[in-house]
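In my numbering, the protein residues as written are 18 to 331.
First up is the structure itself, then whatever we jot down about it.
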Amino acid sequence: MVLDSKTRVVALVGGVGGAKLVYGLSKILAPGQFSMIGNVADDFELYGLHISPDLDTVMYTLAGIANPATGWGLQGETWRMLDMLRGYGEDIWFGLGDGDMATHVLRTFWLARGMTLTAITGRLAAALGVQHRLLPVTDDPLATMVDTVEHGTLAFQEYFVRYQWKPVVRRVWFEGADDARLTGAAAAALAEADIIVISPSNPVLSIAPLLAVPGMRAALEARRGVCVAVSPFVGGKAVKGPAEKLMKELGMDISPQGLIQYYAGLLDGLVIDELDADDAPDGPPPVLVTRTLMQSEDDRIRLATEVVNWSESV
Ligand code: FO1
């Protein structure tokens, strides 16, 4: 434990990149000290099943059972169900593993019985031994939509997985955002937070949908603690995934200054990689330059420790 046991940390998290940092945070903070608010705008239905890729990525990562090669899905996964579906002539474009299926089956079953996504996520995570709270930002429908040059409007997973984020993006928006309600659990976690960490998840695809939920920005602005973001870029490039390509297509600036502008009004600090040190703005907000690439478990824990210690001082 690196912090006073009363210090409460909340992380806003998306998928694979953010999951690495929250894994590190979960190793240095007690369960009562640390909550995560997760993205649900990547959620979709396939074969009648409700799939929550980002929540599952975080849950599996914290449980230590994520596939280390992909970051999503389970390690040691098998694919018999997909083989069978292929045999039936189905066009398989989304990798649903046999073990992973159990998560989607139970989630769908419990949703149909009236449980909230928050309650379901808590139950699944606890069963996998995850003690820290993983809170969906909303229990209401929220869906990232992507307008592309080649295929027109695509649902997020079609853009991301079916088309491997190759299409050129003209616009991104979040269907359902106007009516989505921030959950009571997420609002309470934010209200009690001493430190809020915007994890190095894709700003447009993972963090923006969280900020699009009515009440979320206000909850961040009304926070008692400090809010720091960890840049998802290393050497001006995305470590993984479409962040750099997509943001450039949308005409956005992916430099540290660009991130400060993107998160305008929210940040008390920005953490950037040492390869981007030359682009470090003078502030405000203050900037911490360190190694943000998380290749090993030690990297995750070291970065998490640096981020919380620095946040205490800004
Ligand atoms: N990402 C892929 O690129 N291909 C897949 O086949 C795929 C399957 C998949 C299954 C379950 C799950 O929880 C996640 C999965 N992902 C897959 C990752 C996921 O769709 C994206 O990484 C996120 O939505 C973006 O954060």
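Even glycine gets a Cβ: it sits at the ideal position worked out from N, Cα and C.
Three-state secondary structure (DSSP) of residue i
i    : result
K254 : strand
V214 : strand
G112 : coil
H67  : strand
R140 : helix
R198 : coil
I289 : strand
I45  : helix
Selected residue, minimal CA-CA separation from residue i, among the options
i    : options                   : result
P217 : T24, Y40 and K23          : Y40
M311 : A255, L29 and L38         : L38
Q50  : E266, P70 and A205        : A205
V33  : R308, T87 and G114        : T87
A28  : L228, E175, M264 and V306 : L228
E175 : F61, I45 and R319         : F61
D296 : A142, I277 and K44        : I277
P302 : M269, C244, D315 and S313 : C244
N326 : I271, G286 and K265       : G286
Own chain partners of residue i with C-beta closer than 8 Å, once the 5 adjacent residues on each side are dropped
i    : result
E238 : G282 and L283
L159 : V57, A58, D60, F191, E192, G193, A194, A197, P226, A229 and V230
Proximal residues to residue i (C-beta, below 7 Å), its chain only, five neighbours per side dropped
i    : result
V75  : V30, A36, V39, M53, G55 and L151
V122 : L66
Inter-residue spacing [alpha-carbon to alpha-carbon] between residue i and residue j
i    : j    : result
P48  : K23  : 11 Å
V10  : L171 : Limits of the chain in this structure are 18 at one end and 331 at the other, which puts residue 10 out of reach.
P259 : V154 : 22 Å
F111 : Y180 : 11 Å
M98  : A142 : 24 Å
G106 : P70  : 25 Å
R317 : G81  : 13 Å
Residue i: first and last residue of the uninterrupted beta strand (DSSP E) it sits in
i    : result
W190 : V186 to E192
T322 : Element bounds for T322: not the beta strand (DSSP E) but the alpha helix (DSSP H), E314 to S330.
Cβ neighbours of residue i in the same chain (closer than 6 Å, five flanking residues each side left out)
i    : result
G116 : L91 and E94
K254 : E261
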